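These notes concern the structure reproduced below.
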Amino acid sequence: MPTTNDIRNILDIQDKHITFLDNCVTIGDFKGKSCKFIDCTLTYHPESCVNCDVPNEKFIVFKNGTQTSRVTYPMAGIYPTYLRIKKQRYLCKNCGKSFTAKTPIVKRNCFISNYINAQILDQSRNVQSVKDIAKDTNVSEATVQRVLTNEGECIRPHYHSLPEHMSFDEFKYASGRMAFEYINVETGDILDILPAKDSRYVTQHFLSRYSLNQRSNVQTITIDMNASYISFIPKLFPNAKVIIDRFHIIQLLNRSMNKTRVAIMNQLNNSNGENQKKYRRLKRYWKKILKKANNISHTSYDYYRLFGQRTEGAIISEMLDYDPKLKATYDLYQSIIAAVEANDYERLCFILNQPCSSDVSTYLKTSLKTLRKHLSAIRNTFIYPYNNGRIEGINNKIKVLNRVAYGYRNFSNYKNRILLHFKLNPNTTQLSYKKNEEHVLAA
Ligand SMILES: [Zn+2]
Numbered sequence: 118m119p120t121t122n123d124i125r126n127i128l129d130i131q132d133k134h135i136t137f138l139d140n141c142v143t144i145g146d147f148k149g150k151s152c153k154f155i156d157c158t159l160t161y162h163p164e165s166c167v168n169c170d171v172p173n174e175k176f177i178v179f180k181n182g183t184q185t186s187r188v189t190y191p192m193a194g195i196y197p198t199y200l201r202i203k204k205q206r207y208l209c210k211n212c213g214k215s216f217t218a219k220t221p222i223v224k225r226n227c228f229i230s231n232y233i234n235a236q237i238l239d240q241s242r243n244v245q246s247v248k249d250i251a252k253d254t255n256v257s258e259a260t261v262q263r264v265l266t267n268e269g270e271c272i273r274p275h276y277h278s279l280p281e282h283m284s285f286d287e288f289k290y291a292s293g294r295m296a297f298e299y300i301n302v303e304t305g306d307i308l309d310i311l312p313a314k315d316s317r318y319v320t321q322h323f324l325s326r327y328s329l330n331q332r333s334n335v336q337t338i339t340i341d342m343n344a345s346y347i348s349f350i351p352k353l354f355p356n357a358k359v360i361i362d363r364f365h366i367i368q369l370l371n372r373s374m375n376k377t378r379v380a381i382m383n384q385l386n387n388s389n390g391e392n393q394k395k396y397r398r399l400k401r402y403w404k405k406i407l408k409k410a411n412n413i414s415h416t417s418y419d420y421y422r423l424f425g426q427r428t429e430g431a432i433i434s435e436m437l438d439y440d441p442k443l444k445a446t447y448d449l450y451q452s453i454i455a456a457v458e459a460n461d462y463e464r465l466c467f468i469l470n471q472p473c474s475s476d477v478s479t480y481l482k483t484s485l486k487t488l489r490k491h492l493s494a495i496r497n498t499f500i501y502p503y504n505n506g507r508i509e510g511i512n513n514k515i516k517v518l519n520r521v522a523y524g525y526r527n528f529s530n531y532k533n534r535i536l537l538h539f540k541l542n543p544n545t546t547q548l549s550y551k552k553n554e555e556h557v558l559a560a
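Its first residue numbered 118, the sequence shown is counted upward by one per residue in our numbering.
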């Protein structure tokens, strides 16, 4: 039967019990829209009765009428497509009950083919709203949400154990609320996402889900410099060392250096022509001031607008000479960055314990205070190879999902979507973090 084989191939149907006849495709109307109906028959010789399991010998199970069901199918061509399957009914003499022929393309009592389910899952890997997925797959939003929820159930966190190395972070979601998330820092697997980040909620979560034994297994936890986490970590994870994410240390220093530059630059923004020039230079070359000392070139000459033909090092030192405060802050900034880059804990302690020059800006002084407070955790930063790169990458992706998939009033749906997204797209996290770091560090 050439018709059946060809149509099966077109529709990717492997079930040999489905047959198509000539002229089985018609254009019709459904829910007020033009659509394509494809008629087919499903019949076979059952080996046994599905109700009582009696082997089908000597026609104990016999054919008894048909039942037609309309099944939503992925679009073939430009019209929404429905399979009209004429399913064989069977009656069993042994138990007197009847049943309908089954096919792997659609679940029992279901009117949406498994192909659509697969399509929905496939689409959900992209950053796309439920509404758009529903439109593309020709089903309702409720159906899309149901498929995602069912699939999400399978990848729900199971609270059997905790890994040795974890990473904590938080992110904003609907109406400015904060969610808390923890991951396995080595594999990047999301372990769970909680709808609140306050310490009472998070503490309760860990206490109720994990035994002391499981919590004792945790060796390190990487966090950013958010004090609210630090307070409950020793209580919950007696053996865990806290690691401050390296990126956040650098970012803290970066910000205070930049604020210093802006403050000095704004003082120069007056009617004095010479000051105006300095102002414009400091404004234009803000990245140069933040650049790590060992990346600055002192040998190659380039043309710099507002300066002329100079080396990079020369324009930086010229700008630093505008104000002793800028120079003092810059020197201290560079020496701390160098100590952090070199993982030199002794040197960092030495710098932090020295009395600060009065010329150093209050911005940097405040940052130093923060570093002093977290010194023991920063020591761990230098010892362990872990950072918050993966979790930050995950959060960037979540923010995008949040923007596109607005309308997640239900946190559990939102969480499902996130978990599903990362399950279907492994390896997408590390990259976006790197981009982020480059932006701040101003290569
Ligand atoms: Zn039976």
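Backbone N, C-alpha and C define an ideal beta-carbon position, used for all residues, glycine too.
Quick caveat: nothing in here was measured; it's all calculated off a predicted structure.
Proximity test, residue i beta-carbon vs ligand 1 heavy atom, cut-off 7 angstroms
{"i": "N168", "result": "yes"}
{"i": "N211", "result": "yes"}
{"i": "K214", "result": "yes"}
{"i": "V223", "result": "no"}
{"i": "V171", "result": "yes"}
CA-to-CA distance, residue j to residue i, given in whole angstroms
{"i": "S172", "j": "S165", "result": "First, the amino acid is wrong: residue 172 is Pro here, not Ser. About 4 angstroms."}
{"i": "K552", "j": "N530", "result": "Note that K552 has pLDDT 45, beneath the 50 cutoff, so the model's placement of it is unreliable and no number is given."}
{"i": "F349", "j": "K224", "result": "48 angstroms"}
{"i": "Y396", "j": "S246", "result": "46 angstroms"}
{"i": "N375", "j": "H322", "result": "39 angstroms"}
{"i": "N126", "j": "C212", "result": "38 angstroms"}
{"i": "S292", "j": "R520", "result": "12 angstroms"}
{"i": "Y232", "j": "T260", "result": "13 angstroms"}
{"i": "C152", "j": "R242", "result": "27 angstroms"}
{"i": "D146", "j": "H162", "result": "34 angstroms"}
{"i": "C473", "j": "Q393", "result": "30 angstroms"}
{"i": "F467", "j": "T487", "result": "16 angstroms"}
{"i": "A380", "j": "G430", "result": "22 angstroms"}
{"i": "T217", "j": "D309", "result": "42 angstroms"}
{"i": "H275", "j": "T428", "result": "58 angstroms"}
{"i": "N383", "j": "R294", "result": "35 angstroms"}
{"i": "G510", "j": "S215", "result": "55 angstroms"}
{"i": "T320", "j": "L353", "result": "7 angstroms"}
{"i": "K204", "j": "L541", "result": "35 angstroms"}
{"i": "G149", "j": "P197", "result": "12 angstroms"}
{"i": "L208", "j": "E270", "result": "36 angstroms"}
{"i": "R534", "j": "I307", "result": "12 angstroms"}
{"i": "N470", "j": "L369", "result": "18 angstroms"}
{"i": "G506", "j": "F499", "result": "16 angstroms"}
{"i": "I340", "j": "I347", "result": "8 angstroms"}
{"i": "N497", "j": "L265", "result": "40 angstroms"}
{"i": "L200", "j": "T220", "result": "13 angstroms"}
{"i": "N334", "j": "S278", "result": "9 angstroms"}
Supposed contact pair residue j and residue i - C-beta distance, whole angstroms, cut 8 angstroms
{"i": "T143", "j": "T121", "result": "Actually they do not touch by this definition, with Cβ atoms about 17 angstroms apart."}
{"i": "L537", "j": "E268", "result": "6 angstroms"}
{"i": "T377", "j": "L481", "result": "6 angstroms"}
Proximity test, Cβ basis, 8 angstroms: residue i and chain D
{"i": "F228", "result": "Absent here is chain D; the protein component of the structure consists of one chain."}
Every unbroken alpha helix (DSSP H) within the region 259-345, with a cutoff of 4 residues, ordered by chain: 316-326, 329-333
Sequence ranges, alpha helix (DSSP H) only - wholly within the region 169-257, length at least 4: 231-241, 247-254
Quick one: complete alpha helix (DSSP H) runs, 4+ long, within the region 342-402? 344-353, 363-384, 390-401
For the region 442-480, list the alpha helix (DSSP H) runs that are entirely contained and at least 4 residues long, ordered along the chain. 462-470
For a minimum of 3 consecutive residues, which ranges assigned as the beta strand (DSSP E) are wholly contained in the region 407-442? 418-421, 425-428
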